[in-house]
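**Student:** Protein chains in written order, with my numbering: chain X, 4 to 332; chain V, 4 to 332; chain W, 4 to 332.
Each residue gets a CB set at the ideal place from its N, CA and C atoms; glycine is no exception.
Got a structure for you, questions after.
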């Protein structure tokens with residue numbers, strides 16, 4: 004029997020290193036088959052419901068394409084047109100989750116709020132009442148499919164991940180609402196694969212203490228390390244991997260966008276320029292989950308240069324999601 | 004030759020008891036196949052157009068899933084983005100119907116208005132000009148797929164439907180716009196399968212006289228019975244089936260939402276509580292087409308209790324629709 | 004090797020007469036197979052992205068149905084929900100194009116602006132950065148799939164296209180925003196198949212000089228002819244084909260809707276009535292790409308009469324698009 008059958012993917016913290024290895028193996032195989040055009044009808048005529056409370060390009064298109072390419076179909080759902088599940092909507096989440104469980108084989112949800120943790124609660128409410136697997140397509144806390152794609156991409160570029168210096172860096176963007184899910188998920192995941200993680204951000208932008216604490220535990224348990232700092236240049240020095248991206252403060256939901264903007268604008272020089280990149284190893288790679296704010300978070304010449312692997316990351320979303328869905332649905 | 008081929012399903016009144024038996028047989032078979040995971044490519048690569056003038060959860064998802072699971076695909080269409088078919092839109096319904104008839108194999112339409120009967124007219128205008136089958140996904144008058152699912156569910160719970168006491172009850176909900184299609188369709192259908200139908204509602208909420216009259220004729224013809232009353236407690240007494248749900252007055256379109264709300268609020272105690280339910284038979288089942296206004300129409304402990312079969316009803320939408328579409332497309 | 008593999012279709016001007024013959028051959032074969040219900044899994048499990056910056060009925064439904072009927076799936080995308088590609092949107096077109104190229108097999112784009120040529124630029128920007136084929140679903144300059152469908156339809160009605168009198172006529176409609184893509188594409192294409200094209204419009208509405216000039220070159224090269232006039236009655240005389248449809252002025256983007264409306268309203272008698280049609284050959288056919296403004300552009304009795312072939316045109320969109328996508332994806 005397939006032990007993945009029926010499992011939720013809400014955060015990778017709930018999946019073992021071995022589970023993740025199985026996903027990456029299958030993802031690599033599916034990537035090869037996609038390239039050479041082999042049909043993979045693994046979810047033939049099956050239905051996946053995608054609930055987008057928040058908008059998306061990569062997530063929607065990579066999930067919808069994943070289902071098609073596995074022989075099934077993903078419903079693109081705007082909860083606003085569903086009278087359902089939205090906080091305040093006329094239909095209870097429990098009812099929506101139970102009904103969708105009768106109609107199909109899996110549910111994906113993207114939802115986040117300025118108030119840290121609220122979206123995550125909604126996803127877990129769905130998962131509690133659904134009898135089919137629920138996959139997080141990003142909450143305000145976790146983005147497991149992005150983290151899987153990022154790990155897969157790192158594995159493709161480096162033979163061995165042990166003691167690679169992975170830098171998760173805050174980057175400047177005047178666009179104030181980018182939730183913490185990506186950096187949180189990645190500083191949790193990378194130490195479990197032996198990487199030495201440096202998380203660098205202006206003091207106001209530190210991630211949730213529970214995330215930081217768990218990242219340290221993960222490092223201790225799996226032989227990686229975890230360091231937090233506000234010195235960008237030191238952090239970049241000798242890096243193997245630089246993942247530079249804006250995220251909001253934990254207090255954003257409380258103090259609102261204007262105050263947030265004031266804090267952000269204090270750090271308008273936090274951009275990954277080619278000068279800054281020179282401090283890293285020559286073999287270093289530059290990552291970003293996209294959409295990127297060009298010339299704010301990362302300079303265009305870096306993004307379009309030979310060290311950028313941002314499109315490979317984006318592509319691997321497709322393959323890891325196919326692998327996860329094939330296993331759980 | 005398949006005698007269902009190309010037929011419209013606008014109301015069940017236009018389908019014979021024998022036709023409906025064939026649909027329910029096929030639905031039961033498709034339900035088994037869905038559960039055990041047998042592929043049913045009955046509509047392989049076929050196209051079904053879903054026009055949603057009104058929003059939906061169950062209807063959209065059950066139809067879209069039905070198509071996928073039969074090997075085809077349903078287009079989710081918002082007529083507002085189509086320049087088409089909407090009353091007042093630049094393109095005539097006749098033109099939209101004729102063009103869609105060239106592109107695919109079936110059309111589903113959901114449309115209703117405060118003014119009773121207007122949506123039904125639009126659906127019949129499409130059906131007149133389309134050369135492919137048109138299936139009503141609910142108008143202001145009929146909801147044939149819901150009625151089929153309800154009948155299927157009753158059949159699953161009771162071996163014999165003859166002389167079951169079926170109570171169609173108005174229930175309180177401050178949400179004023181729920182059209183009359185479900186109670187109208189069900190009081191028409193259930194007497195044709197020998198049930199004794201009691202329709203109970205506050206005096207202002209009686210359904211259209213033509214519907215009431217036809218329900219009586221149906222009862223006389225098929226051996227069921229039909230009674231209308233405004234005494235809720237008496238109606239519930241000894242019931243086998245209680246279907247309790249708000250619907251609007253026939254004058255809603257004329258007098259508008261404020262006046263409607265005043266009338267509704269006179270009956271804020273029309274809730275199916277566990278006390279009220281105790282008047283019914285111990286074996287009685289509770290139905291609702293969802294979305295339900297919890298603790299207004301039906302108390303949460305009743306909805307989540309052992310007598311509620313609301314999720315089974317919702318599920319059967321999928322199976323009866325698969326059956327109908329497989330037969331007509 | 005398939006020489007069409009990976010090619011863009013941005014305008015037919017970039018495709019040779021021989022290329023177009025191959026498309027029409029395949030389209031005729033796919034039309035037969037569709038009618039007799041033969042499965043054509045030519046794009047099994049493949050993904051086509053449809054970016055609709057502008058709304059649509061025929062284009063969306065014919066492309067989405069095409070993919071389903073070829074075994075694949077088309078994503079219906081509103082760039083406004085994508086944070087992507089829209090001029091002014093946070094994500095660069097280059098990034099969106101590159102990412103979509105990793106997820107699927109083709110991209111379709113519909114975009115037009117009041118300012119002539121701007122939408123076309125966006126499509127070509129996508130095509131520059133995408134590594135998968137880009138198909139224009141109509142810009143402000145070209146609508147190649149409509150032109151192909153129109154040519155296919157003409158071919159079906161007439162054995163030989165050489166020296167058919169094809170009249171592209173401006174028609175009155177108070178709806179001011181109809182871009183020039185259809186008449187531009189068609190006066191370019193029809194002379195390449197030997198037709199004698201007359202383009203008739205009020206003086207203010209002439210198409211872009213580059214289009215007019217190229218139409219003349221096409222006529223000289225391929226044995227057709229091209230005439231421009233503002234005399235509607237003379238133009239219609241002895242016509243074999245009358246394609247009568249509103250289009251905006253080239254200056255619409257500069258002078259805005261009010262001024263445009265004033266110019267349009269000077270020509271409120273430019274309607275294809277049955278009286279006007281009597282000037283054409285008895286065997287003449289009437290065309291329009293739909294949606295048509297009934298009784299403004301074309302009188303209803305003409306549209307619904309025996310000379311109208313507008314629904315055949317609409318249908319052929321499906322078949323030519325299936326052919327193009329099967330060849331390039």
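(1) Counting contacts by CB-CB distance shorter than 9 Å, is residue 109(X) in contact with chain V?
(2) Does DSSP put residue 72(X) in a helix, in a strand, or in coil?
(3) Between residue 102(X) and residue 61(V), how many whole angstroms is the CB-CB distance? I'm expecting something under 8 Å.
(4) Taking the beta strand (DSSP E) that residue 314(W) falls in, what are its first and last residues?
(5) Establish whether the CB of residue 75(W) and some CB of chain X are separated by less than 9 Å.
(6) Relative to the C-alpha of residue 197(X), which candidate in 175(X), 207(X), 168(X) and 172(X) has its C-alpha closest?
(7) Hey, how far is the Cα of residue 64(X) from the Cα of residue 316(X)?
(8) Taking DSSP as the reference, what is the three-state secondary structure of residue 303(W)?
(9) Can you tell me the Cα-Cα spacing of residue 67(X) and residue 176(W), whole angstroms?
(10) Check the C-beta distance from residue 218(V) over to residue 180(V) and give it rounded, since I have them as a contact under 8 Å.
(11) Below 8 Å on the Cβ atoms is my guess for residue 239(W) versus residue 170(W); work out the distance and round it to an integer in Å.
(12) Report yes if the C-beta distance between residue 225(V) and residue 20(V) is below 9 Å; otherwise report no.
(13) Closer than 7 Å between beta carbons: that is the criterion. Which residues of the stretch 114 to 140 of chain W meet it against chain X?
(14) Where does residue 132(V) fall in DSSP's three states?
(15) Considering only C-alpha positions, which residue in the set 164(W), 57(W) and 163(W) is nearest to residue 111(W)?
(16) Using a Cβ-Cβ cutoff of less than 6 Å, which residues in the same chain neighbour residue 104(X) once the five nearest sequence positions on both sides are dropped?
(17) Rounded to whole angstroms, what's the CA-CA distance from residue 187(W) to residue 83(X)? Just pull it up for me.
(18) Strictly below 9 Å CB to CB, what residues from chain A border residue 310(V)?
(19) Does the stretch 36 to 49 of chain W come close enough to the stretch 314 to 330 of chain W to have 3 or more Cβ pairs within less than 8 Å?
(20) Is the Cβ of residue 94(X) closer than 9 Å to any Cβ of chain V?
(21) Could you compute how far the alpha carbon of residue 138(X) sits from the alpha carbon of residue 97(X)?
(22) Going by the beta-carbon positions, is the gap between residue 123(X) and residue 293(V) smaller than 9 Å?
(23) Along chain X, which residues have their Cβ under 7 Å away from the Cβ of residue 205(V)?
(24) When you compare each of 156(W), 233(W) and 36(W) to residue 314(W) by their alpha carbons, which one comes out closest?
(25) To the nearest angstrom, how far is the alpha carbon of residue 230(W) from that of residue 195(W)?
(26) By the 8 Å beta-carbon criterion, what residues does the stretch 50 to 82 of chain W contribute toward chain X?
(27) Listing by chain order, which chain X residues have their CB less than 7 Å from the CB of residue 317(V)?
(28) In this structure, what does DSSP give as the bridge partners for residue 250(W)?
(29) Is any beta-carbon of chain V found at less than 9 Å from that of residue 47(X)?
(30) Beta-carbon of residue 260(W) versus every beta-carbon of chain V: anything under 9 Å?
(31) Can you tell me which of 100(V), 248(V) and 184(V) puts its alpha carbon nearest to the alpha carbon of residue 172(V)?
(32) If you count every other CB in all the chains shown that lies within 10 Å of the CB of residue 281(V), and 16 or more means buried, which is it?
(33) In the DSSP assignment, find the unbroken beta strand (DSSP E) run with residue 172(W) in it and report its ends.
(34) Beta-carbon separation of residue 145(X) and residue 14(X) under 9 Å?
(35) Taking the alpha-carbon positions, what's the residue 213(W) to residue 120(W) distance?
(36) Measure the C-alpha to C-alpha separation of residue 154(W) and residue 10(X) and round it to an integer number of angstroms.
**Tutor:** Taking the geometry as given:
(1) Here the question's residue 109(X) lines up with position 106 in the first chain. Cβ-Cβ to chain V under 9 Å: no for residue 109(X).
(2) The residue given as residue 72(X) occupies position 69 in the first chain. In the structure shown, residue 72(X) sits in a helix (DSSP, three-state: H, G or I).
(3) Position 99 of the first chain holds residue 102(X). Position 58 of the second chain holds residue 61(V). Confirmed, Cβ separation roughly 6 Å.
(4) As a first step, residue 314(W) must be located in the third chain, where it is residue number 311. Counting along the chain, residue 314(W) falls outside any beta strand (DSSP E), though it belongs to the alpha helix (DSSP H) covering 313 to 331.
(5) In the third chain, residue 75(W) corresponds to position 72, counting from 1. Yes, because at least one Cβ of chain X sits closer than 9 Å to the Cβ of residue 75(W).
(6) In the first chain, the residue the question calls residue 197(X) occupies position 194. Looking at the Cα atoms, 168(X) is the closest of the given residues.
(7) In the first chain, residue 64(X) corresponds to position 61, counting from 1. In the first chain, residue 316(X) corresponds to position 313, counting from 1. Straight-line Cα distance between these residues: approximately 14 Å.
(8) To locate residue 303(W), count along the third chain from 1; it is residue 300. Helix.
(9) Here residue 67(X) refers to the residue found at position 64 of the first chain. Here residue 176(W) refers to the residue found at position 173 of the third chain. So the two alpha carbons sit approximately 39 Å from each other.
(10) Translated into positions along the second chain, residue 218(V) becomes position 215. Translated into positions along the second chain, residue 180(V) becomes position 177. Contact flag wrong, Cβ pair sits at about 23 Å.
(11) Sequence index remark: in the third chain, residue 239(W) carries index 236 (1-based). Sequence index remark: in the third chain, residue 170(W) carries index 167 (1-based). Yes, they are in contact, since the Cβ atoms of residue 239(W) and residue 170(W) sit about 6 Å apart, within 8 Å.
(12) The residue you call residue 225(V) lines up with position 222 of the second chain. The residue you call residue 20(V) lines up with position 17 of the second chain. A Cβ-Cβ contact shorter than 9 Å links residue 225(V) with residue 20(V).
(13) Cβ contacts with chain X: none found.
(14) Residue mapping note: residue 132(V) aligns to position 129 of the second chain, counting from 1. Correct three-state label for residue 132(V): helix.
(15) Taking the first residue of the third chain as 1, we reach residue 111(W) at position 108. Comparing alpha carbon positions, the residue from 164(W), 57(W) and 163(W) closest to residue 111(W) is 57(W).
(16) Along the first chain, one-based indexing puts residue 104(X) at 101. Taking residue 104(X) as the centre and dropping the five residues before and after it, the same chain places the C-beta of 133, 134 and 135 closer than 6 Å to its C-beta, in chain order.
(17) As a first step, residue 187(W) must be located in the third chain, where it is residue number 184. As a first step, residue 83(X) must be located in the first chain, where it is residue number 80. Cα to Cα, the separation comes out at about 40 Å.
(18) No chain A appears in the structure shown, which is made up of the protein chains X, V and W.
(19) The stretch 36 to 49 of chain W makes contact with the stretch 314 to 330 of chain W: 3 or more CB pairs, one atom from each, lie closer than 8 Å.
(20) Here residue 94(X) refers to the residue found at position 91 of the first chain. Yes, its Cβ sits closer than 9 Å to a Cβ of chain V.
(21) As a first step, residue 138(X) must be located in the first chain, where it is residue number 135. As a first step, residue 97(X) must be located in the first chain, where it is residue number 94. Rounded to the nearest angstrom, the two C-alpha atoms are 16 Å apart.
(22) Here residue 123(X) refers to the residue found at position 120 when the first chain is read from its first residue. Here residue 293(V) refers to the residue found at position 290 when the second chain is read from its first residue. Their beta carbons are not under 9 Å apart, which means residue 123(X) does not touch residue 293(V) by this criterion.
(23) Numbered from 1 along the second chain, position 202 holds the residue referred to as residue 205(V). Under the 7 Å cutoff, chain X gives no residues; its nearest Cβ is about 22 Å from residue 205(V).
(24) Along the third chain, read from residue 1 onward, the residue named residue 314(W) stands at position 311. In terms of CA proximity to residue 314(W), 156(W) leads the group 156(W), 233(W) and 36(W).
(25) Your numbering for residue 230(W) matches position 227 in the third chain. Your numbering for residue 195(W) matches position 192 in the third chain. One C-alpha to the other measures close to 14 Å.
(26) For the stretch 50 to 82 of chain W, which is checked against every Cβ of chain X, the residues closer than 8 Å are 50, 52, 75, 76, 78, 79 and 80.
(27) Mapped onto the second chain, residue 317(V) falls at position 314. In chain order: 102 and 105.
(28) Looking up residue 250(W) in the third chain gives position 247. Paired residues: none, contrary to the question.
(29) Residue 47(X) sits at position 44 when you count from the first residue of the first chain. At least one chain V Cβ lies under 9 Å of residue 47(X).
(30) For this step, residue 260(W) is matched to residue 257 along the third chain. Not one chain V Cβ lies under 9 Å of residue 260(W).
(31) On the second chain, residue 172(V) is found 169 positions in, with the first residue counted as 1. Of the residues 100(V), 248(V) and 184(V), the one whose Cα lies closest to the Cα of residue 172(V) is 248(V).
(32) Working through the second chain from its first residue, we reach residue 281(V) at position 278. Counting other Cβ atoms within 10 Å of its Cβ, residue 281(V) stays below 16 and is therefore classed as exposed.
(33) Translated into positions along the third chain, residue 172(W) becomes position 169. From DSSP, the beta strand (DSSP E) with residue 172(W) extends over 168 to 172.
(34) Residue mapping note: residue 145(X) aligns to position 142 of the first chain, counting from 1. Residue mapping note: residue 14(X) aligns to position 11 of the first chain, counting from 1. In this structure, residue 14(X) lies closer than 9 Å to residue 145(X) by Cβ.
(35) On the third chain, position 210 is the one that residue 213(W) refers to. On the third chain, position 117 is the one that residue 120(W) refers to. Answer to the nearest angstrom: the Cα atoms are 12 Å apart.
(36) The residue labelled residue 154(W) in the question sits at position 151 within the third chain. The residue labelled residue 10(X) in the question sits at position 7 within the first chain. Looking at the two C-alpha atoms, the distance is approximately 53 Å.
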